[in-house]
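What the sequence shown shows, in the working numbering, is residues 90 to 243, in sequence order.
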Amino acid sequence: MFKIISLLLISVVSLSTTVYSQDKENNIAEGDSKSSNDLNQAKVPGKAIRQLGPYKLTFYVSKNWKRLRLEILDKKGKRYSIKDTTIKVSVRPSNRKVPFSVTMTRHSPKQQGVFISSHYVGKLKFIDHFDSFIVSTKVTINNRICSVEYKFSK
90 MFKIISLLLI SVVSLSTTVY SQDKENNIAE GDSKSSNDLN QAKVPGKAIR
140 QLGPYKLTFY VSKNWKRLRL EILDKKGKRY SIKDTTIKVS VRPSNRKVPF
190 SVTMTRHSPK QQGVFISSHY VGKLKFIDHF DSFIVSTKVT INNRICSVEY
240 KFSK
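This is the structure we're talking about:
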């Protein structure tokens, strides 16, 4: 009788350990896709309406329209670093005339594999209620003004 109970107990413990380890692996896999690092998140590119200047500024938005990301590239298509720690961006929803300002900041230096000053991230608030929005900014790089305007739509 004691052997039967102990065998049942061992089988239940081993089964629960297997389920726990599978759940843990699934959580790690889900956590990778929901990482706070914007470079790993799914991103949606916008449509460039206007691009002026020698450097290419590219805006992306996360699929849930909560984070805006800016990437700066040089003429050859390589990431280009600038000294600015923040960039002011104006965001105008499609059915509003007055834009609101978003301050984009550099990525944290603690993240590995990120070129710190060539990627900027900003949080979008209340933008998911709109069908589309336009993002525009002007940045001075090496005494040259770069102006860009992007349109995002669902």
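Where is the CB? At the ideal position from N, CA and C, for every residue including glycine.
Alpha-carbon spacing of residue i relative to residue j, whole angstroms
i: S242; j: K155; result: 14 angstroms
i: K136; j: T175; result: 23 angstroms
i: V191; j: V228; result: 14 angstroms
i: R158; j: Y239; result: 12 angstroms
i: S207; j: K186; result: 30 angstroms
i: K172; j: M193; result: 14 angstroms
i: E160; j: I230; result: 13 angstroms
i: S170; j: R195; result: 10 angstroms
Residue i vs residue j beta-carbon contact at 8 angstroms
i: F215; j: R181; result: no
i: S179; j: F219; result: no
i: Q140; j: V224; result: no
i: P134; j: Y144; result: no
i: C265; j: G142; result: This structure does not reach residue 265, given that the chain is present from 90 up to 243, and the question cannot be answered.
Residue nearest to residue i in terms of C-alpha spacing, selected from the options
i: K152; options: T226, K227, K132, S225; result: K132
i: L213; options: F189, I230, R233; result: F189
i: G211; options: D217, K177, C235; result: K177
i: Y209; options: N231, L162, N232; result: L162
List, from N- to C-terminal side, the alpha helix (DSSP H) runs of 4 residues or more that fit wholly inside the stretch 146–174. Runs of the alpha helix (DSSP H) lying entirely within the stretch 146–174, each at least 4 residues long, are absent.
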